[in-house]
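Here my numbering is used: the first residue of the sequence shown is 2, the next is one more, and so on. Below is one structure, written out as structure tokens, with a few remarks after it.
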Amino acid sequence: MKRFIEGEDRSQSTLFPEHLDDYIAQDNPVRVIDVFVEESDLKELGFEGMDAEATGRPGYHPASLLKIYIYGYLNRIQSSRRLERETQRNVELIWLTGRLTPDFKTIADFRKDNGKAIRGVCREFIVLCRELKLFSEAVVAIDGSKFKAVNNRDKNFTDHKLKARMQQLDESIARYMTELDRADREPTLVTEARVEHIKQKVETVKKQMRELKQIGKRMAQAPDGQISLTDPDARSMATSGRGTGMVGYNVQTAVDTKHHLIVAHEVTNSGHDRDQLSSMAHQARDAIDKDTLTVFADRGYYKGEQILECEQAGIKTLVPKPLTSGNKAAGLFDKADFRYIAAKDEYRCPAGERAIWRYTSLEDGLTKHRYWASACPRCPIKGQCTTGDYRRLSRWEHEDVLDVMQKRLNRTPQASRIRRQTVEHPFGTLKMWMGATHFLTKTLPRVSTEMSLHVLAYNLKRVMKIFGVAPLVALMRA
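Pasting the structure below:
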């Protein structure tokens with residue numbers, strides 16, 4: 002092959018031994034993984050097997066297995082079997098582990114048995130980012146996204162699904178019995194083989210009916226009224242598409258607005274975000290170690306009690322109110338058209354009348370005040386306000402906190418754009434890395450561990466982009 006660049010002869014011996022380090026450039030990301038793991042106190046983080054046994058076969062050091070996993074998730078290789086193959090042929094992994102080739106069972110067991118410690122490693126990297134002054138602005142955006150679990154939709158049951166499935170089986174039995182009756186009346190129309198096949202079908206359907214009844218009994222004991230057969234912690238959740246859904250987990254993240262690093266995350270099996278704001282905001286504030294914090298979130302997080310908890314903790318929230326007013330949809334005046342006068346504890350209606358306090362009640366654990374105006378029956382614009390005798394207004398005892406937040410939102414018209422461009426991109430990136438089947442493990446603790454590895458890989462890639470590989474290695478060693 003003249004006039005081409007030629008490779009080395011495979012049978013040619015080398016005069017001097019090769020160095021593994023010669024194969025890895027100084028700006029290769031595996032050097033960051035190596036230094037980060039070596040500088041971490043794995044024993045304090047709680048990894049098993051840090052102290053070798055005096056007898057028996059030697060085991061792999063947890064640092065070596067942790068490096069394999071971080072490298073795998075950084076390069077979209079999450080399967081333990083694929084990682085086993087890569088340790089045998091991938092030059093970067095050969096360098097990273099020193100030619101160690103653990104089998105897939107050893108690799109998988111390490112992730113299973115060290116879930117809490119691996120989640121601690123993810124937090125440890127956030128501490129490093131904090132020390133590198135990457136969270137100086139103390140502003141985060143919070144959002145949640147649904148990730149698929151290892152559980153088919155047919156293996157998840159809710160009350161509605163169970164009733165629909167049993168109705169289908171009842172209809173199938175009725176159809177088969179009708180065909181058997183026809184065979185009894187006119188034996189020549191249906192062959193014996195077909196009759197035997199139908200009888201087997203009937204037995205199969207009856208067996209499925211018995212199984213569904215057992216599932217119904219188990220489902221009645223479940224706290225949320227649904228059950229998943231493959232992954233018991235996975236739950237059926239609605240998605241943004243109308244009439245669509247998936248069986249999976251709701252992953253919550255808090256993302257820094259400056260460098261788009263995921264400062265806090267949590268995996269839940271709750272299908273909505275209404276109860277997650279305060280928890281995620283507190284986790285984010287603890288992670289960046291600031292006294293104050295500003296949080297952007299979407300309408301799904303709007304809940305008075307959650308916003309109040311944040312405000313009392315010194316966390317400023319910017320959460321738009323959901324547009325769910327029934328009066329506005331009916332073409333009537335909305336509550337926003339009534340102006341509250343705090344000094345007099347009353348409302349001023351669009352007609353200029355005073356809606357004064359009438360009584361206080363307790364609703365769903367919340368103290369609510371009721372207001373209405375005496376002039377409602379004779380008001381000339383009553384038809385634009387209410388269809389009843391009086392337009393009654395309800396006010397939560399801490400609604401002044403929501404009013405302050407609304408004023409803050411009015412002063413920040415770009416709040417929605419900041420939230421979208423900050424927190425939605427990491428979700429898209431992570432799902433692309435994961436592929437069609439998002440999680441490979443089952444149950445909430447193991448899924449949380451898997452998510453921590455994804456978040457750690459994402460943050461590692463972001464920080465390497467910010468500093469560069471060689472400067473980041475130097476900073477971690479300092």
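The C-beta atom is built at its ideal place from N, Cα and C for all residues, glycine as well.
Asked                                                                                                                                                     : Found
Could you check the C-alpha separation between Y372 and A356 for me, to the nearest Å?                                                                    : 5 Å
Just curious, the alpha helix (DSSP H) that Q215 is in, first and last residue?                                                                           : E193 to Q222
Based on Cα-Cα distance, which residue from E347, S326 and M281 lies nearest to T318?                                                                     : M281
Could you give the distance in angstroms between the alpha-carbon of V122 and the alpha-carbon of E85?                                                    : 22 Å
Decide if G353 is buried, meaning its Cβ has at least 16 other Cβ atoms within 10 Å, or exposed.                                                          : exposed
So what does DSSP say about R236, is it helix, strand or coil?                                                                                            : strand
Could you tell me how far apart the beta carbons of R236 and Q227 are, in whole angstroms, since I believe they sit closer than 8 Å?                      : 6 Å
Where V474 and L445 are concerned, what is the direct C-alpha to C-alpha distance, given to the nearest angstrom?                                         : 34 Å
State the Cα-Cα distance for the pair K147 and A343, rounded to the nearest angstrom.                                                                     : 41 Å
Give me the Cβ distance between M406 and V296, rounded to the nearest whole Å; I'm assuming they're in contact under 8 Å.                                 : Their Cβ separation, rounded to whole angstroms, is 10 Å, which puts M406 and V296 out of contact at 8 Å.
Could you pull the start and end residues of the beta strand (DSSP E) that R77 belongs to?                                                                : First-last for R77: undefined, no H or E at that position.
Nearest-angstrom Cα distance between I34 and G429?                                                                                                        : 24 Å
Short check: CB of V25 to CB of H260, under 8 Å?                                                                                                          : The question names Val, but residue 25 is Ile in the sequence shown. No. Outside cutoff.
DSSP three-state label for G305, please.                                                                                                                  : helix
Roughly how far, in whole angstroms, is the beta-carbon of L66 from the beta-carbon of P103, given that I think they are within contact range, below 8 Å? : 7 Å
So the beta strand (DSSP E) F339 belongs to, where does it begin and stop?                                                                                : No beta strand (DSSP E) contains F339, which DSSP labels as neither H nor E.
So, are the CB atoms of A150 and F334 less than 8 Å apart?                                                                                                : no
With DSSP as the reference, label G246 as helix, strand or coil.                                                                                          : strand
Can you tell which of R396, E425 and R393 has its C-alpha closest to the C-alpha of V252?                                                                 : E425
Would R275 and Y302 qualify as a contact pair, given that the criterion is a beta-carbon distance under 8 Å?                                              : yes
What residue does the alpha helix (DSSP H) around Q169 start on, and which one ends it?                                                                   : D160 to R186
Using a 10 Å radius around the Cβ and a threshold of 16 neighbouring Cβ atoms, would you call Y524 buried or exposed?                                     : It is not possible to answer for residue 524, since the shown part of the chain is limited to 2 through 479.
What is the DSSP secondary structure of Q27, reduced to helix, strand or coil?                                                                            : coil
Cβ atoms of A239 and G272: under 8 Å apart, would you say?                                                                                                : yes
Can you find at least 3 beta carbon pairs, one from the stretch 119-138 and one from the stretch 36-50, that sit closer than 8 Å?                         : yes
To the nearest whole angstrom, what separates the beta carbons of P59 and N115, a pair I think is in contact under 8 Å?                                   : Contact doesn't hold; Cβ gap of about 18 Å is too wide.
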